[in-house]
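First comes the structure, then the notes that go with it.
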Amino acid sequence: MASRVIVSPPKLLKTLSHFTRPLNSSSSSSSIAVHLTDNSEPNIRRTSTATASSALNLDDAEKLFSSVPTTQLFRASANLHAAAIEPMVDFGTWLMKSKLMNVDVVRGAILGAIRHTFYEHFCAGEDAVSAVQTVRRLDHAGLRAMLTYAVEYAADNDSCDRNLDAFLHTVESSKSLPPSVSFVIVKITAICPKKLLERVSDLLRWQHKDPSFNLPWKLDTLPIFSDSSPTYHTLRKPEPLTPQEEHDLQLGHQRLQKICQKCVEANICLTVDAEHSFVQPAIDYFTYSSAILYNRDDNPIIFGTIQCYLKDAKARLLLASKAADKMSVPMGFKLVRGAYMSSESKLASSLGFESPIHNGIEETHECYNDCASIMLEKIANGPGALVLATHNVESGRVAVAKAQDLGIGKVHQKLQFAQLYGMADVLSFSLRNAGFQVSKYMPFGPVEMVIPYLLRRAEENRGLLSASTLDRQLIRKELKRRIMAAVF
9 MASRVIVSPP KLLKTLSHFT RPLNSSSSSS SIAVHLTDNS EPNIRRTSTA
59 TASSALNLDD AEKLFSSVPT TQLFRASANL HAAAIEPMVD FGTWLMKSKL
109 MNVDVVRGAI LGAIRHTFYE HFCAGEDAVS AVQTVRRLDH AGLRAMLTYA
159 VEYAADNDSC DRNLDAFLHT VESSKSLPPS VSFVIVKITA ICPKKLLERV
209 SDLLRWQHKD PSFNLPWKLD TLPIFSDSSP TYHTLRKPEP LTPQEEHDLQ
259 LGHQRLQKIC QKCVEANICL TVDAEHSFVQ PAIDYFTYSS AILYNRDDNP
309 IIFGTIQCYL KDAKARLLLA SKAADKMSVP MGFKLVRGAY MSSESKLASS
359 LGFESPIHNG IEETHECYND CASIMLEKIA NGPGALVLAT HNVESGRVAV
409 AKAQDLGIGK VHQKLQFAQL YGMADVLSFS LRNAGFQVSK YMPFGPVEMV
459 IPYLLRRAEE NRGLLSASTL DRQLIRKELK RRIMAAVF
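Using this note's numbering, the letters of the sequence shown correspond one by one to residues 9 to 496.
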């Protein structure tokens, strides 16, 4: 990565003190580098599957897994097969949520079993030291790491401060590893109390409904909502933040900006994860207000995350991107399909509203590919950067062909792909072999702390896990080849 512009402490403190600054207008047009029609929708050039297919070699198991030790292949095969058995996933999920976890002997046995199976497969280690060792092994395979301390939520300021220390330590540990570590990941719910984020999200939604609604604490930001964004979470006008809540909100901003400053000094990018829709507006607000401070000179250090299974994803991406261009803020985005589908649909249904999630998987695929195409054209011709986080082979093929068509080369610093650690290795290695930068999303932390992450992956991605047929088939094929070669 190129050198970063460091925001000086005086400027940072001055910015934090100005909590009465108004929201920048995003109504004016900007020079977003995609082909726009009169209604500001992207005119997306489609890439043929035939062209895309030729860019990725997904069949040569020996070449794909050449950097993976045989013992690791055996373990991956066993874990992926177990994770694809839905009754086993259901039983494991029930067990980890049951009262049996309150019995010390049973809890110890369960955690021990998890530690030596799914935890070792999907997580980087129990602390930053062990995670760094895993990152080094990944680097030998030609892949980079998106390193995240896997805490999910914090209830109070003391917990937030402890989590802040852990995130700062993660960045510090990563300083010895560039360019092995491409990103450090942070969850805003880990550094700002969740209840406060819900309150802030309610107030932001109400201001979207009523622009005259004043939020005196609001910093400059990019557009958070589109006209199609759901606001059913906030059906009544919320009460203003109390002085204590405003103070706690300022502490949350300060924590994030300490992490941002540390990342700037370490020359490591920071990605803010997307979460549930009832706190996502506040998360986007934190992300965009920090990006305005730290993203300079076509070197985005702060990346936001867009969940493309949401119906308003493309509209929000366009609005935020155009506003960033107008403000000369090079914005980084990570595109994902999304990981909260069941809970989002249940929440909307319980309130009597239509699900915010696309009605079918094909609509989600189309939204993801459209958003990817918009951003690829943008970074090829202008500022910004893009992470395409996908396990979908077809999306990978189409994006690769699009990137090549636009002249986004093998060492292009503005584009990289990403997959979860322990999943979609065939796609990761094929993208690596095609010359693209590829990262693995690598959570770390004590087993008990990472259980919510593992549960979420089990519940939300069981279809993905059971559909990991290509990985399982090619791993089996390569293991068979190695065994035959050893015997004969």
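Even glycine gets a Cβ: it sits at the ideal position worked out from N, Cα and C.
Taking 8 Å as the upper bound for CB-CB distance, Asp-256 and Ile-193 are not in contact here, some 23 Å apart. Judged by DSSP secondary structure, Leu-396 falls within the beta strand (DSSP E) whose first and last residues are 393-397. Out of Ala-90, Ala-426, Tyr-296 and Phe-286, the CA that lies nearest to the CA of His-261 is found in Tyr-296. Judged by pairs of C-beta atoms under 8 Å, the region 175-188 does not touch the region 243-257, as fewer than three such pairs exist. Rounded to the nearest whole angstrom, the CA to CA distance from Gly-430 to Leu-384 is 27 Å. Closest by C-alpha distance to Asp-479, out of Thr-242, Val-401, Gln-421 and Arg-304, is Val-401.
Under DSSP, Pro-248 shares a beta bridge with no residue. Between the alpha carbons of Leu-204 and Leu-227 lies a distance of about 16 Å. A straight-line Cα-Cα distance of about 11 Å links Ala-323 and Ile-382. In the three-state DSSP reduction, Leu-223 falls in the coil class, being neither helix nor strand. Each of Ala-136, Lys-422 and Ser-209 was checked against the Cα of Leu-185, and the nearest Cα belongs to Ala-136. The DSSP assignment places 251-274 as complete runs of the alpha helix (DSSP H) inside the region 231-291, in order along the chain (cut-off: 4 residues).
Comparing alpha carbon positions, the residue from Lys-334, Asn-367, Met-339 and Ser-336 closest to Ser-350 is Asn-367. By the criterion of a C-beta distance shorter than 6 Å, Gly-346 is surrounded in its chain by Gln-315 and Tyr-317, once the five residues flanking it on both sides are discounted. Here Pro-251 is exposed. Its C-beta has fewer than 16 other C-beta atoms within 10 Å. DSSP places Thr-229 outside both helix and strand once states are collapsed to three, so it counts as coil. Straight across, the Cα-Cα distance linking Ile-291 with Glu-283 is about 8 Å. DSSP, reduced to helix, strand and coil, places Arg-489 within a helical segment of the structure shown.
Following the DSSP letters along the chain, one finds Lys-202 in no beta strand (DSSP E) but inside the alpha helix (DSSP H) bounded by residues 202-217. Under the DSSP assignment, Thr-125 falls outside any alpha helix (DSSP H); it carries neither an H nor an E label.
The three-state reading of DSSP puts Val-189 in strand, counting E and B together.
In the displayed model, Tyr-161 falls within coil according to three-state DSSP, outside both helix and strand. Scanning Cys-379, Asn-307, Pro-308 and Arg-304 for the CA closest to the CA of Leu-325 turns up Cys-379. Membership of Gly-312 in the beta strand (DSSP E) is indicated by the continuous run 310-315. Each residue's CA atom was taken as its position, placing Ala-321 and Lys-105 some 32 Å apart.
Residue state for Pro-451 is assigned as strand, using DSSP reduced to three classes.
Put simply, the backbone Cα of Met-154 is about 19 Å away from that of Ser-438.
The C-beta of Ala-198 has 16 or more other C-beta atoms within 10 Å across all chains shown, which makes the residue buried. When the beta-carbon positions are compared, Ala-442 and Asn-65 come within less than 9 Å of each other.
A contact is defined here as three or more CB-CB pairs under 8 Å, and the region 452-462 meets this definition with respect to the region 154-174.
Relative to the Cα of Leu-151, the nearest Cα in the group Ala-493, Phe-496, Met-450 and Leu-462 belongs to Met-450. Between the alpha carbons of Val-446 and His-241 lies a gap of roughly 36 Å. 9 Å or more divides the Cβ of Leu-72 from the Cβ of Val-408.
The C-alpha of Ile-310 is placed about 22 Å away from the C-alpha of Arg-170. Here Val-137 carries a helix assignment [DSSP, helix/strand/coil].
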